[in-house]
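Chains A and B are the protein sequences, given in the same order.
Using my numbering, the first residue of the first sequence is number 1, and each one after it goes up by one.
Using my numbering, the first residue of the second sequence is number 555, and each one after it goes up by one.
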Amino acid sequence: MRHLNIFASSVRLSCFAVVAVLFVGCGGNGAGSPTAAVEIGGPSGTELAVDQTLHVGNGTGPQTLDPHRAEGVPSSNILRDLFEGLTLEAPDGSVVPGAAESWDISADGLVYTFYLREDAQWSNSDPVTAEDFVFSLRRSVDPATMSHYSSILEPIVNAMAVITGKKSPAELGVEALDALTLVIRLQRPTAYFPGLLTHSTMYPVHRASVEQYGNQFAREGRLIGNGAYTLNEWVVQSHIKLIRNKFYRDDVNTTIDSVYYYPIESQDAELKRFRADELDITEEIPYQQLTWIRENLGDQLVISPYLGSYYFGFNMTREPFQNNPQLRRALSLAIDREIITSRITNAGELPAFGWVPQVANYSPVVPEWAGWSQAERDVEAQRLYAEAGYSADKPLKIELLYNTSANHKRLSVAIASMWKQTLGVETELLNQEWKVFLETRQLKKTTQVFRGGWIGDYNDAFTFSQLMHSANAMNHPGYSSPRYDELIERAAGETNLSTRADILNQAERVLLEDMPIIPVYFYVSKHLVKSWVGGRKPNIMDHHYTKNFYILKH
Amino acid sequence: MLNFMLRRLLSAIPTLFILIALAFMLIRAAPGGPFDSEKQLPVEIEANLRTAYHLDEPLYQQFGRYLANLARGDFGPSFQYRDFSVTELIRSGFPVSLRLGGLAMLLALIVGISAGAYAALRQNSAADYSVMTVMMVGISIPNFVVAPLLILLFAVGLRWLPAGGLGDGEARHLLLPVIALAMPQIAYIARLMRGSMIEVLRSPFIRTARAQGLSMPRIIVQHALKPALLPVISYLGPATAAVITGSVVIEQIFGIPGLGRFFVQGALNRDYTLVMGVVVFYGSLIIVFNFFVDLVYGWLDPRVRL
């Protein structure tokens, strides 16, 4: 059933005739006019395929398509097509107007006034109003909604108070001045707020259908969105099929007619389906086959920096690491990160010497020892190790915990052997299944050294910096430094972008001095993309919108 | 006979109860919970979620509630698929698994019986040895090895068939998973069939038939086949169980949305209700099967009824 929309195909066919003769772009159903040379939807001179159906591997299946209750990358990928926030991201990841045509920011950076588009419609042709956003943002923070991710709305006035049940949702700092003007008040200036608005917890939901179906509104046949696509079919564990929303404000510039998202947990299975031309884009690649992929599918392998840090954490609430900064530094220095990124991960990951990856408006801290050779680092590591009171006769014995996975295992084995060789540390490797691992790590009772990874929620250093604040529940090492906390709190309220960056820089220096974590590498996103998929650009958030894609003739 | 049926039925009830109780305790005993994820939930939200799913109640109360709901045919809401009930998921997954498993059993029976009979009739010939060697390989290689090899050959290499997914349930999507699932059963049935056929062919009544001058094909079809099939038929029970467990692996490899895949994903995500639902559903199914098998045995052999 790949050709449901016969009408759309025939329109496109006639459009081809135009393309062939005049050599101009063809941008979707409505763009029959030869003068409409649009950038999105096929640049001039390219010929589009008749069948504009996209097949995307999507990791695991989404738990829900309710944007406020969803979490995780797979659901976000689909929700970006189904809903449109006040802002959205261009193919290169930059934040551009979405449901809001423009916005003003007050001089103190606390009040955002959004001007909504007049022509914006829901997929049932209802207009998208400021009142819809007020309703939606209140719903998102309402504890009764049980959103897993709503705490990301924290910069908005009263958001945390509502989430924790101390205030009613009506007290959230959002207000509709008229049908098309929305005001959002922030507790403090938040430089990354426009980017945050692209997150699914900030998406509008269709009030009437939520009131009719409650939390069950996001199902096939019920879901009404304001995005470029609508939900056509949802077979759990098989696929989700989206088709174009003909009421979408920018439907003329949309090219892909339908998109299938497949839940494929196994990267090997995903690779096979890609090779069999059943998938146009994969979610991941199997690491073990990287060399083969490079040799055989090289031009279809798309690797680019991704907003994430891979690290090992020390349990700072227990001995031997609690009061032993020398030991922590010794273990960090003894790891040869170049070997890890060039021999073990080998997909272009960047060796990490600091905590914050390359993000917007921030220059990451590069500690002095990052410039040393590994031999120099080893010498220093041995000195610190001896200073911490360990030696060949009295070696350190530790346990290293990671969640069960071939990749984490290879990396842990390598690190254990580096520690053994340089310092004589005896490491016992321990792996646990994901959910067990999460619980053990959170309890902090038995762990010593554990694996961790953090993917930023928004393109700003703060999403990384705040993680190590002593009050953060995801501060897995249990790091607690009054100096660090104070810097983070100061940065949170700082309006001046460069002063803020300086403070966060200082905080990162404090963190790297104390070294409650061992940064290992910065992530890259890895996808296989068929050569006929156009309009897709790599970006640091790895966020993509199907509406920007087109399929070339092949 | 009625008395016997009643007794069998009554003994099925405690079996089912023990199954439910064990599964209920075991899945909850596994470390980690349905709401653990990389992103920590605010305490208040987690408390709300626990209340919504009744996880804040004492265990015996949760169990009581589960049994009461189950009696009404309600398996509860899924933890992982937050907008779906487990009943809905089973309703969508079971027909898929049934078709996959049913076709695999059918294929296993047809190919297994023919290959076994063929080998038996040419006992100790080259044909016999080669068939049996292939079957030995079929038993020894687990299906999680066979399946990727089939995909590599027929989907990636030759591009004849899809590499995964169910599509709209067309035959070409089912062919590889059915073969992969049937393979070990084909092998087992073929070996069973060969053995029993050889035995039957040596028995006096076949010799009598031959002495009477009946043609060989007629002897085989009319006289030898039926008694030779008996061990195969009694193997059907264990074979069904094997196909069910096999489909857990096969559905995962081929990305087929059947109950087996729900079971694996449910267990990994600590989706208590989904795992319970699949266990209870398959458990009851097997208990019902056994009940009927017992009935058939009782009808065939009066001694069992005592």
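Quick reminder that beta carbons are idealized off the backbone N, C-alpha and C, glycines included.
These numbers were taken from a predicted model, which means no experiment stands behind them.
CA-to-CA distance, residue j to residue i, given in whole angstroms
i	j	result
SER373 (chain A)	VAL379 (chain A)	10 Å
VAL786 (chain B)	VAL847 (chain B)	14 Å
ASN844 (chain B)	THR569 (chain B)	12 Å
GLY478 (chain A)	ASN431 (chain A)	21 Å
ARG562 (chain B)	GLN615 (chain B)	30 Å
HIS543 (chain A)	ASP299 (chain A)	21 Å
ARG383 (chain A)	ALA330 (chain A)	8 Å
SER209 (chain A)	LEU443 (chain A)	41 Å
ARG188 (chain A)	ILE503 (chain A)	16 Å
ILE293 (chain A)	SER525 (chain A)	15 Å
TYR521 (chain A)	THR291 (chain A)	20 Å
GLY719 (chain B)	HIS199 (chain A)	30 Å
GLU439 (chain A)	GLY453 (chain A)	15 Å
TYR310 (chain A)	ILE335 (chain A)	13 Å
VAL235 (chain A)	PRO811 (chain B)	8 Å
GLY808 (chain B)	PRO731 (chain B)	In the sequence as presented, Gly is not what sits at residue 808 (chain B); that position holds Phe. Whole-angstrom Cα-Cα distance: 7 Å.
VAL710 (chain B)	TYR306 (chain A)	30 Å
HIS68 (chain A)	LEU497 (chain A)	30 Å
ILE285 (chain A)	ASP268 (chain A)	8 Å
LEU790 (chain B)	LEU663 (chain B)	9 Å
VAL797 (chain B)	GLU724 (chain B)	21 Å
PRO143 (chain A)	VAL174 (chain A)	17 Å
GLY586 (chain B)	TRP434 (chain A)	8 Å
ARG139 (chain A)	ASN472 (chain A)	24 Å
SER417 (chain A)	LYS397 (chain A)	13 Å
GLU220 (chain A)	ASP637 (chain B)	11 Å
GLN237 (chain A)	ASP590 (chain B)	21 Å
For residue i, three-class secondary structure by DSSP
i	result
PRO519 (chain A)	strand
PHE648 (chain B)	helix
PRO631 (chain B)	strand
HIS55 (chain A)	strand
SER480 (chain A)	coil
PHE83 (chain A)	coil
ARG536 (chain A)	coil
TYR115 (chain A)	strand
HIS206 (chain A)	coil
TYR310 (chain A)	strand
SER151 (chain A)	helix
THR291 (chain A)	helix
THR404 (chain A)	coil
ASP126 (chain A)	coil
SER258 (chain A)	strand
Under 8 Å from the C-beta of residue i: neighbouring residues of chain A
i	result
ASN602 (chain B)	PRO143, ALA144 and MET146
ARG815 (chain B)	GLN237
GLU598 (chain B)	PRO143, ILE163, THR164 and GLY165
SER591 (chain B)	GLU71, GLY72, HIS148 and LEU438
Proximity test, residue i beta-carbon vs the ligand PLP heavy atom, cut-off 8 Å
i	result
LYS241 (chain A)	No copy of the ligand PLP occurs in the structure displayed, which carries no ligand at all.
Interface residues of chain B facing residue i [CB-CB closer than 8 Å]
i	result
ASP66 (chain A)	ARG636 and ASP637
ASN215 (chain A)	ARG636 and ASP637
Partner residues on chain A for residue i, Cβ-Cβ distance less than 7 Å
i	result
ALA606 (chain B)	MET146
GLY586 (chain B)	LYS435, VAL436, LEU438 and GLU439
Amino acids of chain B, ordered along the chain, whose beta-carbon sits closer than 7 Å to that of residue i
i	result
LEU273 (chain A)	Correcting the residue identity first, residue 273 (chain A) is Arg in this sequence and not Leu. Those are ALA717 and GLY718, listed as they occur along chain B.
GLN63 (chain A)	GLN634, TYR635 and ARG636
Proximal chain B residues relative to residue i, where beta-carbon distance stays under 9 Å
i	result
GLU278 (chain A)	ALA709, PRO716, ALA717, GLY718 and GLY719
TYR262 (chain A)	GLY718, GLY719 and GLY809
Query raised in the report: Are there three or more Cβ pairs, one per stretch, closer than 8 Å when the region 685-704 of chain B is compared with the region 733-752 of chain B?
Result: A contact exists between the region 685-704 of chain B and the region 733-752 of chain B.
Exercise. Take every Cβ of the region 655-672 of chain B, pair it with every Cβ of the region 723-737 of chain B, and state whether three or more of those distances are shorter than 8 Å.
Key: When Cβ pairs closer than 8 Å are counted between the two stretches, the region 655-672 of chain B is seen to touch the region 723-737 of chain B, the count reaching three or more.
Indicate whether the contact test is met: 3 or more Cβ pairs, each with one atom in the region 569-580 of chain B and one in the region 277-284 of chain A, closer than 8 Å. The region 569-580 of chain B vs the region 277-284 of chain A: no contact.
TODO: Could you tell me whether the region 234-247 of chain A touches the region 257-273 of chain A, using the rule of 3 or more Cβ pairs below 8 Å?
DONE: Taking 8 Å as the limit for Cβ pairs, the verdict is that the region 257-273 of chain A does touch the region 234-247 of chain A.
*Validate contact between the region 126-146 of chain A and the region 205-225 of chain A using beta carbons, cut 8 Å, 3 pairs*: Enough Cβ pairs lie closer than 8 Å, so yes.
Which residues of the region 704-724 of chain B have a Cβ closer than 8 Å to any Cβ of chain A? Give them in chain order. Hits within the stretch, in order: ILE705, LEU706, ALA709, VAL710, ARG713, PRO716, ALA717, GLY718, GLY719, LEU720 and ASP722.
Evaluate the contact criterion for the region 826-834 of chain B versus the region 640-655 of chain B: three or more CB pairs, one atom per stretch, below 8 Å.
Per the Cβ contact rule, the region 826-834 of chain B is in contact with the region 640-655 of chain B (3 or more Cβ pairs under 8 Å).
Validate contact between the region 361-368 of chain A and the region 402-420 of chain A using beta carbons, cut 8 Å, 3 pairs: Flag = no, the region 361-368 of chain A and the region 402-420 of chain A do not touch.
Q. On the three-pair Cβ rule with 8 Å, is the region 179-188 of chain A touching the region 105-115 of chain A?
A. Touching, yes.
### Query
Taking one C-beta from the region 763-779 of chain B and one from the region 816-827 of chain B each time, how about it: are there three or more such pairs within less than 8 Å?
Three or more beta-carbon pairs separated by less than 8 Å are not found between the region 763-779 of chain B and the region 816-827 of chain B, which leaves the two stretches without contact.
- Task: Answer yes if the region 507-518 of chain A comes into contact with the region 341-350 of chain A, meaning at least three C-beta pairs across the two stretches below 8 Å, and no otherwise.
- Result: Result no; under three Cβ-Cβ pairs closer than 8 Å.
Q. Per the contact definition of three or more C-beta pairs closer than 8 Å, is the region 312-331 of chain A in contact with the region 482-492 of chain A?
A. No, they do not touch.
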